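A.B. asks: Numbering (my numbering), first residue to last: 152 to 478.
Even for Gly, the Cβ is constructed at its ideal location relative to N, Cα and C.
No experiment lies behind these values; they were computed from the predicted model shown.
This structure is in structure tokens; I'll ask about it shortly.
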């Protein structure tokens, strides 16, 4: 087993203040490893980075879906009115309501939506949950599978379909699962397995069959609607816009990141071991720059790669930059 490598560093003046270690892998169309940092065999939970895999059974079911709905199904959205309005309308379209969701609620990341709730003295509902789009998709699939209301249970037909798809595209039986923040099971795989799955998505537009067709639709929807996948000011949205639809990327909790590169036919997966999102964002930007699909000169990149950390007076007091493993 290879040890974790430096994926990001924080410098304050001339002093190295923090180091974030982790693992990363790039896989090609054959599922083989093109390049790796650290341990490709690390067993890990993809968290929300695998939402496009979780959406595969829904798309394969033949359900009529717009590109916007596909993007929202893959989203860890900010809970802006754009997101909650679309999730609510989708629920209404399938004859269900907010109480049918099983994701729970939390305050939205979107500042305007957050402040609106506070001013109104209101509590967030489940539509504000960053996973609400995924859960509406689960409900839609559940209608087709005729399962019971508790669609997040690991032995429910919806989650059994998700697990089967997950194991096929990662290329291995999952060794287990954890319960995600939204209550759905999150199946474990190796980092290489997650990279292999992203490479499958990257090459789906060249392949035939229902699963490849579903994967290609999901990738295209994410790339066309980056604001639905995350939200204004978020790394997924900023960097996908900077790459002008050429690449789809997705974050996951505890510093997981994936990238799907259809032109190159490559899949990327990384995990920062201390769970620091700032490090995962820096590392994915560095890998995308390394692969030639993201310009280091793009204004959006400055927030994540060699990014300034600003103090309470607005002064640039520190910087986060790629670690020695990626430099």
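Which one of 380, 411, 324 and 333 has the shortest CA to CA distance from residue 356?
C.D. replies: Nearest C-alpha to residue 356: 411.
A.B. asks: What does DSSP give as the partner residue(s) for residue 408 in the beta ladder?
C.D. replies: Partner(s): 402 and 421.
A.B. asks: Quick one: Cα of residue 257 to Cα of residue 290, how far?
C.D. replies: 20 Å
A.B. asks: Is the beta carbon of residue 173 sitting closer than 8 Å to the one on residue 371?
C.D. replies: no
A.B. asks: Beta strand (DSSP E) containing residue 329: first to last residue?
C.D. replies: 328-330
A.B. asks: Any idea if residue 266 is buried or exposed, counting beta-carbon neighbours within 10 angstroms, 16 or more meaning buried?
C.D. replies: exposed
A.B. asks: Could you tell me which whole alpha helix (DSSP H) segments of length 4 or greater appear in the region 245-320?
C.D. replies: 262-271 and 283-296
A.B. asks: When DSSP labels each residue in this structure, what does residue 152 get in the three-state scheme?
C.D. replies: Unreliable placement is indicated for residue 152, whose pLDDT of 49 sits below 50; the coordinate value is still reported in the next sentence. In this structure, residue 152 counts as coil in the three-state DSSP scheme.
A.B. asks: Rounded to whole angstroms, what's the CA-CA distance from residue 387 to residue 285? Just pull it up for me.
C.D. replies: Distance from the CA atom of residue 387 to the CA atom of residue 285, rounded to whole angstroms, is 17 Å.
A.B. asks: State the start and end residues of the unbroken alpha helix (DSSP H) segment that holds residue 169.
C.D. replies: No alpha helix (DSSP H) contains residue 169, which is instead part of the beta strand (DSSP E) from 166-178.
A.B. asks: For residue 184 versus residue 348, is the C-beta distance shorter than 8 Å?
C.D. replies: no
A.B. asks: Give the single residue among 478, 442, 463 and 466 whose Cα lies nearest to the Cα of residue 457.
C.D. replies: Nearest option by C-alpha distance: 478.
A.B. asks: Among the candidates 154, 167 and 153, whose CA atom is the shortest distance from the CA of residue 472?
C.D. replies: 167
A.B. asks: Please state the DSSP three-state secondary structure of residue 452.
C.D. replies: helix
A.B. asks: Check each candidate in 313, 406 and 305 and name the one with the smallest Cα separation from residue 427.
C.D. replies: 406
A.B. asks: First and last residue of the beta strand (DSSP E) that includes residue 369?
C.D. replies: Taken as a continuous stretch (DSSP letters only), residue 369 belongs to no beta strand (DSSP E), being part of the alpha helix (DSSP H) at 361-375.
A.B. asks: Which same chain residues end up closer than 6 Å to residue 227 when comparing Cβ atoms and leaving out the 5 residues on each side of it in sequence?
C.D. replies: 199 and 281
A.B. asks: Span of the alpha helix (DSSP H) holding residue 390?
C.D. replies: From DSSP, the alpha helix (DSSP H) with residue 390 extends over 386-393.
A.B. asks: Considering just the uninterrupted stretch of the beta strand (DSSP E) at residue 462, what are its terminal residues?
C.D. replies: Here residue 462 belongs to no beta strand (DSSP E), and DSSP marks it neither H nor E.
A.B. asks: Please state the DSSP three-state secondary structure of residue 324.
C.D. replies: coil
A.B. asks: Give a yes or no on whether the C-beta atoms belonging to residue 234 and residue 379 are separated by under 8 Å.
C.D. replies: yes
A.B. asks: With DSSP as the reference, please indicate the residues paired to residue 184 in a beta bridge.
C.D. replies: 178
A.B. asks: What is the DSSP secondary structure of residue 379, reduced to helix, strand or coil?
C.D. replies: helix
A.B. asks: Report buried or exposed for residue 297, applying the criterion of at least 16 other Cβ atoms within 10 angstroms of its Cβ.
C.D. replies: exposed
A.B. asks: Let me know if residue 462 comes out buried or exposed under the rule of 16 or more other beta-carbons within 10 Å of its beta-carbon.
C.D. replies: exposed
A.B. asks: The beta strand (DSSP E) with residue 336 in it runs from where to where?
C.D. replies: 336-338
A.B. asks: Once the 5 residues before and after residue 222 are set aside, which same chain residues still bring their CB inside 6 Å of it?
C.D. replies: 372, 373, 376, 379 and 380
A.B. asks: Closest to residue 413 by CA distance: which of 423, 444 and 429 is it?
C.D. replies: 444
A.B. asks: Quick check on residue 327: buried or exposed, where buried means 16 or more other Cβ atoms within 10 Å of its Cβ?
C.D. replies: Label assigned to residue 327: exposed.
A.B. asks: Could you name the residues of the same chain whose beta carbon sits closer than 7 Å to that of residue 396, not counting the 5 residues immediately before and after it, in chain order?
C.D. replies: Taken in chain order, the residues that qualify are 374 and 375.
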